[in-house]
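What follows is a short report on a single structure.
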Amino acid sequence: MEPSMVYDVVIVGAGPAGLTAGIYARSKMMSTLILESGKVGGQLVALYPEKGIHNYPGFETVQARKLSDKLYAQAESMECDIRENEKVEDIIDGDQKIIVKTAKGEYETMSVIIAIGMGDFIPRKMGSPGEDELTGKGIDYILPQKEDLVGKRVVMFGGGNSAIEMALIADSVTDTTIVHRRPEFRADEMNVKNLNESNVRRIMNATVKSFNGKDRLESITLEQDGKEMTIPADLAVINIGITADLGILKRWGLDLTENGLIKVGVDMSTNRNGIFACGDVVDYPGKYKQIITGCGEAATACLMAYKFVKKPYWA
Ligand SMILES: Cc1cc2nc3c(=O)[nH]c(=O)nc-3n(C[C@H](O)[C@H](O)[C@H](O)COP(=O)(O)OP(=O)(O)OC[C@H]3O[C@@H](n4cnc5c(N)ncnc54)[C@H](O)[C@@H]3O)c2cc1C
């Protein structure tokens, strides 16, 4: 950073909402910095890179990783300054400016758009014996690339849309079983129909007693209706939800809704002057956590940041 540089906008988070905000900001020629605590792409890359997205307009279906790559390429081509592995810790008011602090430095900006999605999120663990020891050695929390599944016996855990969709992806290349602790899935009807018509083996009402294996996962012992059974497995994928940590929002002095998310107006403004927000981190009546809504909110947040910073007579 040049010592005297003051950005027009700093965007916090480089998921689909943050990247879209960057694309819109640059089309208004705002100097734009995007700070991302991990890797660009948000949930699309961190949680479901292999999944097909069927509801993003303009693509009949697009693999999550590819949609993220396209957004990234578009933001870069518009000359957004994007920095990975740089988590925003604090956002404080300065003299006519806002100061955004990370472990690596401080950035001065005229406005901020917060697009941190679920904040620091980690996949939920099952808490079963053998899980910690075999994580990375046959136990995973996201589905590896299809090529790496071939020839492996995959066991998926979970009963929601995500678990079913991942099981169907695995089933397209290898022997796959899905294990759910309840008698029924809690997922979209279309996903359940597709599962019923697939070759995925289903084990319902079952819990894990232990993941077994010395250096790698070899088998899984389940309990179903009071009886134990051990099934062979090369890869267990645990897909039972995510633990999100958005505690940082309180420190940033933002008004939150009862869901712990940022309360925004229809113009994506927060209670803090010059700070706007978009994507999964915001809340308002009717909020729907999807890529398209996050991107739409990003466009609005960006227009409002532009008006706040540039104050054009016509806007
Ligand atoms: C399994 C699954 C399947 C889904 N399938 C679909 C689908 O088919 N279609 C659809 O439309 N939606 C789908 N969604 C929802 C969609 O992924 C989200 O709505 C979308 O990712 C939200 O985008 P975002 O940019 O707001 O947040 P995110 O994608 O969560 O990105 C936020 C980014 O901010 C970063 N960050 C967090 N804290 C900080 C910080 N302090 N400083 C800097 N950076 C930070 C994070 O590392 C992350 O990269 C799915 C979600 C899941 C979990």
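So the number in my numbering is just where the residue sits in the sequence shown, counting from 1, plus 5. Using N, Cα and C, we set each Cβ at its ideal position, and we do this for glycine too. Since this is a predicted model, take the numbers as computed values, not measurements.
Those residues which DSSP pairs with residue i across a bridge
{"i": "Pro237", "result": "Ser224"}
{"i": "Glu189", "result": "In the DSSP output, where bridge partners are listed per residue, Glu189 has none listed."}
{"i": "Phe216", "result": "Ile225"}
{"i": "Gly57", "result": "Gln68"}
{"i": "Lys232", "result": "Gln229"}
{"i": "Arg88", "result": "Leu40"}
{"i": "Ile104", "result": "Ile97, Glu113"}
{"i": "Phe126", "result": "Ala249"}
{"i": "Val15", "result": "Leu38, Val117"}
{"i": "Lys268", "result": "Asp288"}
{"i": "Ile243", "result": "Phe162"}
Which of helix, strand or coil DSSP assigns to residue i
{"i": "Phe281", "result": "strand"}
{"i": "Ala80", "result": "helix"}
{"i": "Ile121", "result": "coil"}
{"i": "Gln295", "result": "coil"}
{"i": "Ser274", "result": "strand"}
{"i": "Ala249", "result": "strand"}
{"i": "Met10", "result": "coil"}
{"i": "Tyr112", "result": "strand"}
{"i": "Gln68", "result": "strand"}
{"i": "Arg256", "result": "helix"}
{"i": "Glu302", "result": "helix"}
{"i": "Pro21", "result": "helix"}
{"i": "Met34", "result": "coil"}
{"i": "Asp95", "result": "strand"}
{"i": "Gly314", "result": "Rather than Gly, the amino acid found at residue 314 in this sequence is Val. Here Val314 sits in helix by DSSP."}
{"i": "Val45", "result": "coil"}
{"i": "Leu261", "result": "strand"}
{"i": "Ser73", "result": "helix"}
{"i": "Ala320", "result": "coil"}
{"i": "Gly27", "result": "helix"}
{"i": "Met309", "result": "helix"}
Spatially closest choice to residue i from the options, by CA coordinates
{"i": "Thr114", "options": "Gly99, Gly122, Gln79, Ile121", "result": "Gly99"}
{"i": "Tyr112", "options": "Tyr12, Met131, Ser42, Gly132", "result": "Tyr12"}
{"i": "Met83", "options": "Gly291, Ile39, Val117, Asn166", "result": "Ile39"}
{"i": "Phe190", "options": "Ser167, Val178, Lys92", "result": "Ser167"}
{"i": "Trp257", "options": "Val269, Pro237, Ile280, Asp153", "result": "Ile280"}
{"i": "Asp176", "options": "Lys130, Gly18, Glu202", "result": "Glu202"}
{"i": "Val17", "options": "Pro317, Phe126, Thr305, Val286", "result": "Val286"}
{"i": "Ile58", "options": "Glu302, Arg70, Asp250", "result": "Arg70"}
{"i": "Met209", "options": "His185, Leu200, Asp220", "result": "His185"}
{"i": "Pro188", "options": "Phe64, Val205, Thr179, Ala211", "result": "Ala211"}
{"i": "Ala51", "options": "Gly63, Gly122, Val105, Thr107", "result": "Gly122"}
{"i": "Ala192", "options": "Arg206, Asn204, Gly246, Glu91", "result": "Gly246"}
{"i": "Ala120", "options": "Ile183, Lys315, Pro317, Asp288", "result": "Asp288"}
{"i": "Gly63", "options": "Asn90, Pro317, Ile297", "result": "Ile297"}
{"i": "Arg323", "options": "Lys315, Ala249, Cys307", "result": "In this structure the chain extends from 6 to 320, so residue 323 is not present and cannot be described."}
{"i": "Gln295", "options": "Leu24, Val14, Tyr61, Tyr53", "result": "Tyr61"}
{"i": "Asn196", "options": "Val155, Gly165, Tyr53, Asp180", "result": "Gly165"}
{"i": "Glu55", "options": "Asp95, Asp153, Ala22, Asp86", "result": "Asp153"}
{"i": "Glu91", "options": "Ile118, Ile174, Ser133, Thr107", "result": "Thr107"}
{"i": "Val117", "options": "Trp319, Cys307, Lys316", "result": "Cys307"}
{"i": "Ala303", "options": "Ala22, Val15, Ile103, Asn204", "result": "Ala22"}
{"i": "Lys198", "options": "Glu81, Leu173, Gly270", "result": "Leu173"}
{"i": "Asn204", "options": "Asn217, Asp125, Glu194, Ile169", "result": "Ile169"}
{"i": "Glu41", "options": "Val67, Asp260, Asp86, Ser215", "result": "Asp86"}
For the region 137–211, list the beta strand (DSSP E) runs that are entirely contained and at least 3 residues long, ordered along the chain.
-> 159–162, 181–184, 206–208
Report yes or no: do the region 223–242 and the region 135–151 share at least 3 C-beta pairs separated by less than 8 Å?
-> yes
Three CB pairs or more closer than 8 Å across the region 26–37 and the region 303–316 | yes
Answer yes if the region 75–83 comes into contact with the region 269–288, meaning at least three C-beta pairs across the two stretches below 8 Å, and no otherwise.
-> no
Contact between the region 146–158 and the region 225–232: three or more CB pairs below 8 Å?
-> no
The region 41–48 / the region 155–163 touching (three or more Cβ pairs under 8 Å) | no
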